[in-house]
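Asks: I am attaching a structure below and will ask some questions about it afterwards.
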Amino acid sequence: MDKWHIKKRDTVNKQRLFSIEKLLCYHPAKKVNHDFYILNNPDWVNIVTIDTDGNVVLVKQHRLGTDEYTIETVAGLIDPGEDPLTSAHRELLEETGYKAQDIVLLKKLAANPAIMNNYIYFYCALNAQKVGEQSLDLAEDIEILTLTPQQVLEYIQNGTINHSIIITALLLYFLSPYATIPKDKIVLY
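Quick look at the structure:
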């Protein structure tokens, strides 16, 4: 199997959070040219937060893509030049007012390699404690929720939590050695 060769790159749209790039590509085996479009995004962090009582700290916010409220883990873009772990600590404090001494990397995964060039760093924040108030960006309006691990699983089962990246984050946590619920109790259907 041959890789496509990129012959030309053109930025067709540039926004604050991403740019759209048109790639003119050539496939050597098929001897054809084809245009592809990709989203250039910064990497981001996604943090499953466990408080000192073993509960999961989540956020609820309105998402314009689906025009729905979603329940999510803490997440955010990694600032230019910022280390992913530093970003995880910053986002946790900004979105929730919580701090955690231990934030561990669960996995680094490609966001959507078909059309996106970025990665998601999935973290777990352990023994998080409320130390202050939220410090939200102008475009953020976030409600903090605290659920038991069992409630989180029920929310995934019944569709209350329906964001695929968030479900990935939560399942990485539930399958990790840090999970507070036995693996045989994890039922999603």
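Numbered according to the numbering used here, the sequence shown spans residues 1094 to 1282. No residue lacks a Cβ here, since even glycine has one placed at the ideal position from N, Cα and C.
(1) Can you tell which of T1189, G1169, Q1222, P1173 has its C-alpha closest to the C-alpha of D1195?
(2) Whole angstroms is fine: what's the gap from V1149's alpha carbon to L1229's?
(3) Please work out which residues of its chain come closer than 7 Å, Cβ to Cβ, to H1129, disregarding the five sequence neighbours upstream and downstream, and give them in chain order.
(4) What span of residues does the alpha helix (DSSP H) with Y1248 cover, start to end?
(5) Which of helix, strand or coil does DSSP assign to H1120?
(6) Taking A1218 as part of the beta strand (DSSP E), name the residues at either end of that continuous run.
(7) Could you tell me how far apart the beta carbons of I1171 and D1136 are, in whole angstroms, since I believe they sit closer than 8 Å?
(8) Run through DSSP, which three-state label would A1203 get?
(9) Which residues in the same chain have their Cβ closer than 8 Å to the Cβ of Y1162, if we skip the five residues on either side of it in sequence?
(10) Within 10 angstroms of the Cβ of S1257, are there 16 or more other Cβ atoms? Answer buried if so, exposed if not.
(11) When burial is assigned at 16 or more other CB atoms within 10 Å of the CB, is E1236 buried or exposed?
(12) DSSP three-state label for T1261, please.
Replies: A quick look at the data gives this:
(1) Cα-wise, what sits closest to D1195 is Q1222.
(2) Using only the alpha carbons, I get a separation of about 20 Å.
(3) It should be pointed out that residue 1129 corresponds to Phe in this sequence rather than to His. Excluding positions up to five away in sequence, the list reads L1116, C1118.
(4) Its alpha helix (DSSP H) spans residues 1242-1251.
(5) If DSSP states are grouped into helix, strand and coil, H1120 belongs with the strands.
(6) Its beta strand (DSSP E) spans residues 1212-1223.
(7) With 8 Å as the limit, I1171 and D1136 qualify as a contact, their Cβ atoms being about 5 Å apart.
(8) Note: A1203 maps to strand in three-state DSSP.
(9) Excluding residues within five positions, the ones whose Cβ falls inside 8 Å are K1153, Q1154, H1155, R1156.
(10) Using a 10 angstroms sphere on the CB of S1257, the tally of other CB atoms stays under 16, which defines it as exposed.
(11) Around the CB of E1236, fewer than 16 other CB atoms lie within 10 Å, so the residue is classed as exposed.
(12) In the structure shown, T1261 sits in a helix (DSSP, three-state: H, G or I).
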